[in-house]
Amino acid sequence: MASTYSFDIVSDFDRQELVNAIDQVVRDVKSRYDLKDTNTTVELGDENITINTDSEFTLDTVQGILREKAAKRNLSQKIFEFGKIESASGNRVRHEVTLKKGISQEIAKQISKLIRDEFKKVQASIQGDAVRVSAKNKDDLQTVITRLKQEEYPVALQFTNYR
Numbered sequence: 001m002a003s004t005y006s007f008d009i010v011s012d013f014d015r016q017e018l019v020n021a022i023d024q025v026v027r028d029v030k031s032r033y034d035l036k037d038t039n040t041t042v043e044l045g046d047e048n049i050t051i052n053t054d055s056e057f058t059l060d061t062v063q064g065i066l067r068e069k070a071a072k073r074n075l076s077q078k079i080f081e082f083g084k085i086e087s088a089s090g091n092r093v094r095h096e097v098t099l100k101k102g103i104s105q106e107i108a109k110q111i112s113k114l115i116r117d118e119f120k121k122v123q124a125s126i127q128g129d130a131v132r133v134s135a136k137n138k139d140d141l142q143t144v145i146t147r148l149k150q151e152e153y154p155v156a157l158q159f160t161n162y163r
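In structure tokens, the structure reads:
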């Protein structure tokens, strides 16, 4: 009985948790005394969040609230890629926050190289924006997961489809 076990390494986030976090940010902005009259808007798009407010100072505050609410909902800070601050009409500022999803080819190659170099009995294969890791022994897979959690990658990693 020579069955193999496997899991996928992906970079994703819970969309519903992000929606809830954005709702909390909007509620906070409307209720906080220092942000009440700034006409700040926080809008969630398919692949980004748009923050529109009256000054860079207010923008920093809103970003802090966004990070805090996301952290409370177990969303990694690595999913946010803060772009450049743009000027909007009427002395306002707009900020696009890109949501990062999926593992780039470059990072996938780094992960599979690390697995190949350090674990001789484990195979890693890149499949689109995920990495499939397989081995004959479940303990080897557990060791790989532990090792990858020690590394610092620019994306949030999740380990799914463990079988």
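To convert, note that position 49 of the sequence shown is 49 in the UniProt record's numbering; the numbers rise steadily by one, no gaps. Ideal Cβ placement from N, Cα and C applies to all residues, glycine included.
Within 8 Å, do at least three Cβ pairs link the segment 78-96 to the segment 108-115?
Result no; under three Cβ-Cβ pairs closer than 8 Å.
Terminal residues of the continuous beta strand (DSSP E) containing residue 193?
This structure cannot speak to residue 193, because the chain is shown only from 1 to 163.
Evaluate contact between the segment 8-25 and the segment 99-106, counting only Cβ atoms and requiring at least three cross-stretch pairs below 8 Å.
The segment 8-25, when compared against the segment 99-106, does touch it at the 8 Å Cβ threshold.
Classify N48 as helix, strand or coil using the three-state DSSP reduction.
For the purposes of this step, residue 48 is identified with residue 48 of the sequence shown, where counting begins at 1. Three-state DSSP puts N48 in a strand.
Could you tell me which residues DSSP puts in a beta bridge with L99?
Translated into the one-based positions of the sequence shown, residue 99 becomes position 99. Answer by DSSP bridge pairing, in chain order: F80.
I need the straight-line Cα distance from D129 to Q105, nearest angstrom please.
Start at 1 with the first residue of the sequence shown, and residue 129 comes out as number 129. Start at 1 with the first residue of the sequence shown, and residue 105 comes out as number 105. Rounded to whole angstroms, D129 to Q105 spans 7 Å at the Cα level.
On the DSSP letters alone, give me the boundaries of the alpha helix (DSSP H) that R147 sits inside.
Looking up residue 147 in the sequence shown gives position 147. Element bounds for R147: K138 to Q150.
Look at the alpha carbon of F7 and the alpha carbon of V144, and state the distance between them as a whole number of angstroms.
Along the sequence shown, one-based indexing puts residue 7 at 7. Along the sequence shown, one-based indexing puts residue 144 at 144. Going from the Cα of F7 to the Cα of V144 covers about 10 Å.
Count the other CB atoms within 10 Å of the CB of A71; is the residue buried (16 or more) or exposed (fewer)?
Numbered from its first residue, the sequence shown carries residue 71 at position 71. A71 comes out exposed.
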